[in-house]
Amino acid sequence: MLNKLSELWETRAAVNKPQGKYNELVFDPSRNDYSESLLPFRNHGAWTSAPEQIKSKCLSYAWIIYNLKTIYIECDIVTPACEDIIKTPPSNTGNRAVLQNVMAEALLDEALHTKMSLNACNYIYDRRNLDYFDFSDFNLIKWRNEVIGSCTAEWERRLTRFGIACASETLITDYLKTMAEDDSIQKICHQVTKTHAMDEWSHSSVFSFVAADIVNGLTLSEKNHLEKIIRRTVSMFANNELNAWEHAFALAGLPYYQEIINDSAELGEINVYTDSVENLIERIGL
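Following this line, the structure appears as structure tokens:
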């Protein structure tokens with residue numbers, strides 16, 4: 045199956061297709077840059093009563109937050125996991141070459157996704173004349189670094205890196221689905237998300253088949269560790285990232301935004317579909 049996915053990559057992956065020029069896309073200032081349905085605080089009174097112009101600006105910053113977090117996921121979570129398998133593939137696998145190949149292909153995809161996110165952010169910055177959103181303190185990344193830092197053995201660190209990446213590639217597919225299907229948002233935002241989603245749907249399969257190969261060679265304690273990490277990633281991936289939102293609200297001038305921050309900590313997390321992770325765990329043999 046991995047060989048088949050690799051063959052499909054030649055024609056499916058965005059990196060193998062001509063890249064459109066964002067500047068050629070028509071910008072419609074009346075369209076939102078982000079799907080409001082994804083906001084965890086969308087029903088909060090301070091949000092619903094806010095002036096439309098300020099809400100639109102907040103949704104532009106939502107697009108920036110989403111892409112910036114995507115860049116951190118691609119660079120700090122997925123890339124190191126790909127590099128582990130490319131540089132030192134599992135010693136007990138019979139599929140060394142194909143594992144290295146599909147991870148190298150995924151790495152190429154992630155580099156393009158990073159470039160796409162950067163360009164899409166800068167497009168919106170320019171068209172909306174936004175103040176720069178200077179932020180790097182994402183909870184998912186902090187948690188990932190803390191978990192890896194607490195590992196006491198190299199096998200733990202390696203499985204932790206892979207488990208978080210594997211879960212993230214599954215969860216991001218569900219999260220991207222909403223904007224990939226929302227053609228009411230800004231054209232560039234819809235197009236970039238749709239292109240990203242098509243690649244990530246394939247990555248979810250690639251990572252699950254790679255995971256199944258890895259799991260076959262693990263001890264019981266190693267399997268338990270990997271399953272625990274995958275399950276823990278769900279809540280952190282879906283974290284509301286209120287520290288990022290607080291910064292965005294201040295830049296946008298949203299009235300009473302501190303009420304949203306205070307009240308949203310207990311709100312349901314962003315609607316990612318945890319059933320996908322349960323299916324992943326079953327599919328890879330955990």
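In my numbering, the protein residues as written are 45 to 330. Quick reminder that beta carbons are idealized off the backbone N, C-alpha and C, glycines included.
| query | result |
| --- | --- |
| Suppose you measure from the CA of Cys340 to the CA of Thr92; what does that come to, to the nearest Å? | Nothing in the structure corresponds to residue 340, since the chain is present only between 45 and 330. |
| Please look up how many angstroms separate the CB atoms of Thr137 and Gly261, rounded, as I've assumed it's under 8 Å. | 6 Å |
| Just to check my reading of the structure: Ser212 and Thr277 have Cβ atoms closer than 8 Å, yes? What is that Cβ distance to the nearest angstrom? | 6 Å |
| Of the residues Lys221, Lys238, Asp181, Asn139, which one's Cα is nearest the Cα of Met45? | Asn139 |
| With distances taken between CB atoms, is the gap from Arg188 to Ile121 smaller than 8 Å? | yes |
| Could you name each continuous alpha helix (DSSP H) segment of 4 residues or more that falls completely within the region 86 to 130, going from the start of the chain to the end? | 89 to 92, 96 to 116 |
| Pairs of beta-carbons, one from the region 284 to 295 and one from the region 167 to 183, closer than 8 Å: are there three or more? | yes |
| Give the list of continuous beta strand (DSSP E) stretches no shorter than 3 residues that lie fully inside the region 137 to 181. | none |
| With distance defined between alpha-carbon atoms, name the residue in Ser252, Asp319, His234, Val259 nearest to Asp165. | Per the sequence shown, the amino acid found at residue 165 is Cys instead of Asp. Among Ser252, Asp319, His234, Val259, the Cα nearest to that of Cys165 is on His234. |
| Between which two residues does the alpha helix (DSSP H) holding Gln63 run? | Counting along the chain, Gln63 falls outside any alpha helix (DSSP H), and DSSP gives it neither H nor E. |
| Identify, in the order they occur along the chain, each residue of the same chain with its Cβ nearer than 7 Å to the Cβ of His269, setting aside the five sequence neighbours on each side. | Glu200, Leu203 |
| Return the CA-CA distance between Glu281 and Glu190, expressed in angstroms with no decimal places. | Note that residue 281 is Phe in the sequence shown, not Glu. Near 15 Å, if we compare the C-alpha coordinates of Glu190 and Phe281. |
| Should Pro84 be labelled buried (16 or more other beta-carbon atoms within 10 Å of its own) or exposed? | buried |
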